[in-house]
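Enquirer: Pasting in a structure now, in structure tokens, and then I'll have a few things to ask.
Numbering (UniProt numbering), first residue to last: 1 to 94.
Written out as structure tokens, the structure reads:
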């Protein structure tokens with residue numbers, strides 16, 4: 001693990017920050033920037049790290065992911081298509 005060198009992610013990053021966490025004083029965009037080749041879309045959520053999956057936090061995250069714009073484009077592409085629905089995608093066989 002000590003020798004692991006993460007590769008650069010060549011795409012946009014969408015992430016949600018736990019805005020109520022006060023123990024982590026580092027800018028998350030600064031931390032991710034060296035590892036992401038595209039745009040970084042940060043969205044603060046009024047929650048702690050431990051409550052990011054509560055119904056309250058997910059009620060903020062879910063609609064943001066579904067809203068057309070840069071976040072949705074980063075997830076599914078500018079035309080709104082789901083890459084998993086592509087006819088070109090072939091099922092893997094093991």
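By construction, the Cβ of each residue, glycine as well, lies at the ideal position given by its N, Cα and C atoms.
Flag this pair as yes or no: are the beta carbons of residue 19 and residue 46 separated by less than 9 Å?
Expert: Yes, Cβ-Cβ distance for residue 19 and residue 46 is below 9 Å.
Enquirer: Are the region 52-64 and the region 27-36 in contact at 8 Å, needing three or more beta carbon pairs?
Expert: Judged by Cβ distances under 8 Å, the region 52-64 makes no contact with the region 27-36, as fewer than three pairs qualify.
Enquirer: Going by beta-carbon coordinates alone, are residue 27 and residue 48 separated by less than 9 Å?
Expert: Contact: no.
Enquirer: Going by DSSP, what residue range makes up the beta strand (DSSP E) through residue 18?
Expert: Taken as a continuous stretch (DSSP letters only), the beta strand (DSSP E) holding residue 18 covers 13-18.
Enquirer: Just curious, the alpha helix (DSSP H) that residue 61 is in, first and last residue?
Expert: 55-66 is the extent of the alpha helix (DSSP H) around residue 61.
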